[in-house]
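Protein chains: 2
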Amino acid sequence: MAGGQHGPTLASVAAAAGVSRQTVSNVLNAPDRVAPDTRARVEAAIKALNYRPHRVARSLRTQASRMLGYRVRPTPPGELNPVLDRFVHAVTDAAAEHGFHLLLFTADDDDGLAQYAELLGQRAVDGFILADTVVGDPRHRWLAERDVPFVSFGRTWQGEEVGPWVDVDGATGTAEAVEHVYALGHRRIAYLGWPEGSGVGDDRLSGYQAACQRLGLTPRVVRAEQGMAPGHARAAELLDGPEPPTAIVCVSDVFAYGALRAIAERGLRPGHDVAVVGFDDTPAAGLPGIELTSVAQPIEQAGRTAVRVLLHALGVPGVPDPGRAHLLRPTLTVRASTSP
Amino acid sequence: MAGGQHGPTLASVAAAAGVSRQTVSNVLNAPDRVAPDTRARVEAAIKALNYRPHRVARSLRTQASRMLGYRVRPTPPGELNPVLDRFVHAVTDAAAEHGFHLLLFTADDDDGLAQYAELLGQRAVDGFILADTVVGDPRHRWLAERDVPFVSFGRTWQGEEVGPWVDVDGATGTAEAVEHVYALGHRRIAYLGWPEGSGVGDDRLSGYQAACQRLGLTPRVVRAEQGMAPGHARAAELLDGPEPPTAIVCVSDVFAYGALRAIAERGLRPGHDVAVVGFDDTPAAGLPGIELTSVAQPIEQAGRTAVRVLLHALGVPGVPDPGRAHLLRPTLTVRASTSP
DNA sequence: ACCGAGGATTTGAACGATCAAACGCGAGTT
DNA sequence: AACTCGCGTTTGATCGTTCAAATCCTCGGT
Chain A
1 MAGGQHGPTL ASVAAAAGVS RQTVSNVLNA PDRVAPDTRA RVEAAIKALN
51 YRPHRVARSL RTQASRMLGY RVRPTPPGEL NPVLDRFVHA VTDAAAEHGF
101 HLLLFTADDD DGLAQYAELL GQRAVDGFIL ADTVVGDPRH RWLAERDVPF
151 VSFGRTWQGE EVGPWVDVDG ATGTAEAVEH VYALGHRRIA YLGWPEGSGV
201 GDDRLSGYQA ACQRLGLTPR VVRAEQGMAP GHARAAELLD GPEPPTAIVC
251 VSDVFAYGAL RAIAERGLRP GHDVAVVGFD DTPAAGLPGI ELTSVAQPIE
301 QAGRTAVRVL LHALGVPGVP DPGRAHLLRP TLTVRASTSP
Chain B
341 MAGGQHGPTL ASVAAAAGVS RQTVSNVLNA PDRVAPDTRA RVEAAIKALN
391 YRPHRVARSL RTQASRMLGY RVRPTPPGEL NPVLDRFVHA VTDAAAEHGF
441 HLLLFTADDD DGLAQYAELL GQRAVDGFIL ADTVVGDPRH RWLAERDVPF
491 VSFGRTWQGE EVGPWVDVDG ATGTAEAVEH VYALGHRRIA YLGWPEGSGV
541 GDDRLSGYQA ACQRLGLTPR VVRAEQGMAP GHARAAELLD GPEPPTAIVC
591 VSDVFAYGAL RAIAERGLRP GHDVAVVGFD DTPAAGLPGI ELTSVAQPIE
641 QAGRTAVRVL LHALGVPGVP DPGRAHLLRP TLTVRASTSP
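Keeping their order, the protein sequence lines are chains A and B.
No gaps in the numbering here: position 232 of the first sequence is 232 in the working numbering, and each next residue is one more.
Each number in the working numbering comes from the position in the second sequence (counting from 1) with 340 added on.
Here it is, written out as structure tokens:
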């Protein structure tokens, strides 16, 4: 039972200020149409009554909910959900600056399209922010076909672009990692990546290959399925094989943790004997016993940019066109795992 | 610009089925008031037109937004936001089962009360879910004074209880940790905790003291400020001092990581020579090189329970009274840091 | 003194749903 | 035959805001 006292409305403010509803509305939405002294009187009444426009009523009339939909995924038990909470916070904050709020929902079916349809049908949101993008993600096309405004965090990696996006330049990030260990004197630099076909993984790999070519190194690529154990196993094979690498650049921090373990198990010292670089700069990277050098994504910037892109698509006044494609540059955080 | 085609409304469904608006409304909200054949006809029309009730219009009339407010805090840079993303997911999922959605917001000022007031004034939410509870949290009293429905994840730890809450029994969790290492043969069991005055910390400490008394051990409590470095420093002092402990029970995983480092630095082996137990079972606890035994909070259960408590307070039909106080029991996840 | 222009303000309608009350109608009662 | 009862259905009003058009008012021009 919510506190029963009905709050002030446009009408009560109007009565207090001795004007009509519409004038109060104008003071809020188009102040230049109101005479200065009238405006002052109305603003005083608004403050006196502590009036705030009823969001729902406004939404009904304007046909805009000022809500952005965001799907939260169940965090897989063993995974280290590295970045998404920071992304969500940045998005929430940036949206609030323009009077928008985030509406969270979960998906119970496979692709979650039913939930998107449901929210659209209810007109609960004005647009969506897509994260956890996968290769061949059906959501982009589905939304575009229905003219639903959205922005994607992560490229779709398939065919032509569908809708605006913001992403982090994984290729450049990996290339920087390679150049970093190269500068430290390493020449046998291996790459521990995901199986082919993952957009993010292929992107990061391409940066490794480009850097090797630039620096005159022969690339050495090893792939493992997602997860700590497979990464550990492949790294162990590398270290036990002929011409073991002196540096391992990994597609993810999880793989890097596996590599660190494999190195330690062999009595070698990370950073000293074998350098390791991860990707994502997960919170655990800075922990003692780990101290992993890692490529950090500018995740707050990504969130803020995504909001600007979406709000512009929604036609929100005061939001200039930020463009439809944003490739952000990551930065390398250097720690002990690459300190000789 | 959202796709312009106006969706179907109650009126259009009514026209298609040859009945009045209200009958369609009744089919949705009180099906037993409608004759079976009429109902079938209306339901067919609803399906044919793919009609979904306009959430905003319904909210305006019923004076209920079916939204729950949740404040997301900026994750402190070095911290390992352990549990809250899982909590948010559980809450979102449980709320959706009753047609409620989560509305996210951030707080820019100190206590964030202005944001709560703003959302209430706009009538954007029906109630709040409070997390990140601190000692003397002003939000509980503030909300209670205004008769705003809410539920708190975390007790307020000050004076009498204000409003319903869900929390994890930290005392029992810590006591179990002590009993666990006791069963492994340890007798000099130290506790590494936060400064006095933190509700959560004092709760966990009390479990340590109770267990010591039960088991006939002399308690040994050391306190450090939050953060990896202070925890590491205090653990080092313990190990270097007279009668060093053979087991260290920590108030948090972060302290446990510091203790692990201190142990490793002295050439001792965690688990083998000195046992360590953390609290929260953060994702990094399972990483290689860490393998930390830790007390895990039943966070999904907490989220689902919190939603039930709040929805009951809101008078949502079909939600039985779950009670106003829920103390959930944590479980110990045993790993190498306590394996002899 | 009249008229038209233009800005400030007000009025009526609408957004799409639900609430409260009225209505139509057949069955049962007197 | 008139009257009541109850069920199923419909009608009008309403939630609080904004849109579109009407109205009021002032002022300058002829």
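Here a beta-carbon is modelled for each residue, glycine too, at the ideal position from N, C-alpha and C.
- Message: Against D613/B, what residues of chain A qualify as contacts under a CB-to-CB distance less than 8 Å, listed in chain order?
- Response: Near D613/B there are no residues of chain A at all, since even the closest Cβ is about 16 Å away, more than 8 Å.
- Compare the C-beta of E565/B with all C-beta atoms of chain A and state if any pair is closer than 8 Å. no
- Message: Less than 8 Å between CB atoms is the rule here; does S65/A satisfy it with respect to chain B?
- Response: yes
- Message: Could you compute how far the alpha carbon of P36/A sits from the alpha carbon of G452/B?
- Response: 33 Å
- Task: Could you please tell me which residues of the region 595-608 of chain B, in chain order, have their CB closer than 8 Å to any CB of chain A?
- Result: Y597, G598, L600, R601, A604
- Counting only runs that start and end within the region 224-298 of chain A, where is the beta strand (DSSP E) found for 3 or more residues in a row? 247-250, 275-279, 293-296
- Item | Beta-carbon spacing of S681/B, D621/B below 8 Å | The shown model of chain B, from 341 to 680, leaves out residue 681/B, and the question about it has no answer.
- Task: Just the C-alpha distance for V166/A and H140/A, rounded to the nearest angstrom, thanks.
- Result: 13 Å
- Integer Cβ distance of A676/B from G611/B, believed to fall under 8 Å: 5 Å
- Item | Rounded straight-line distance, which links the Cα of F445/B to that of A96/A | 7 Å
- Task: Report the neighbours of H747/B on chain A: residues whose CB is nearer than 9 Å to its CB, in chain order.
- Result: Any property of residue 747/B remains undetermined from this structure, which presents chain B solely from 341 to 680.
- So which residues of chain B does V13/A contact, with C-beta pairs closer than 8 Å? Near V13/A there are no residues of chain B at all, since even the closest Cβ is about 12 Å away, more than 8 Å.
- Considering only residues of the same chain and omitting the five flanking positions on each side of G541/B, which have a CB-CB separation below 8 Å? G533, W534, P535, V591
- Query: For F427/B, which option in V412/B, H438/B, F440/B has the closest C-alpha, if you only look at C-alpha atoms?
  - Reply: V412/B
- Query: For the candidate residues H520/B, G525/B, G476/B, whose alpha-carbon lies nearest to that of V502/B?
  - Reply: G476/B
- Query: By Cβ distance, which residues of its chain are closer than 8 Å to L460/B, with the 5 residues on each side in sequence left out?
  - Reply: R486, V488
- Query: DSSP three-state call for A530/B: helix, strand or coil?
  - Reply: strand
- Query: For Q462/B, which option in L103/A, S59/A, A117/A has the closest C-alpha, if you only look at C-alpha atoms?
  - Reply: S59/A
- Report yes or no: is there a C-beta of chain A within less than 8 Å of the C-beta of A342/B? The predicted position of A342/B is uncertain, since its pLDDT is 39 and thus under 50; no value can be drawn from it.
- Does the separation of the CB atoms of D509/B and P662/B fall below 8 Å? no
- Message: Measuring straight from C-alpha to C-alpha, what distance separates G318/A and P478/B?
- Response: 35 Å
- CB-CB length for V396/B against V56/A, believed under 8 Å: 6 Å
- Taking 8 Å as the CB-CB cut-off, is S399/B touching chain A? yes
- Compare the C-beta of R675/B with all C-beta atoms of chain A and state if any pair is closer than 8 Å. no
- Taking contact to mean at least 3 C-beta pairs separated by less than 8 Å, is the region 572-583 of chain B in contact with the region 510-524 of chain B? no
- Message: Can you find the residues in the same chain that come closer than 8 Å, C-beta to C-beta, to R609/B, ignoring five residues on each side of it along the sequence?
- Response: I603
- Answer yes or no: does any C-beta atom of chain A fall closer than 8 Å to that of L532/B? no
- Query: With 16 other CB atoms within 10 Å as the buried threshold, where does T402/B fall?
  - Reply: exposed
- Would you call S360/B buried or exposed, if buried means 16 or more other Cβ atoms sit within 10 Å of its Cβ? exposed
- Task: Confirm, please, whether the CB-CB distance from A404/B to D466/B is below 8 Å.
- Result: yes
- What separation, rounded to the nearest whole angstrom, lies between the Cα atoms of P414/B and H89/A? 6 Å
- Determine the direct distance from the alpha carbon of H520/B to that of R528/B, and round the result to whole angstroms. 13 Å
- Where does the unbroken beta strand (DSSP E) through F128/A begin, and where does it stop? 127-130
- Does I630/B come within less than 8 Å of chain A when only Cβ atoms are used? yes
- How should A144/A be labelled, buried or exposed, when 16 other C-beta atoms within 10 angstroms of its C-beta is the threshold for buried? exposed
- Limits of the alpha helix (DSSP H) - the one that L120/A falls within: 113-121
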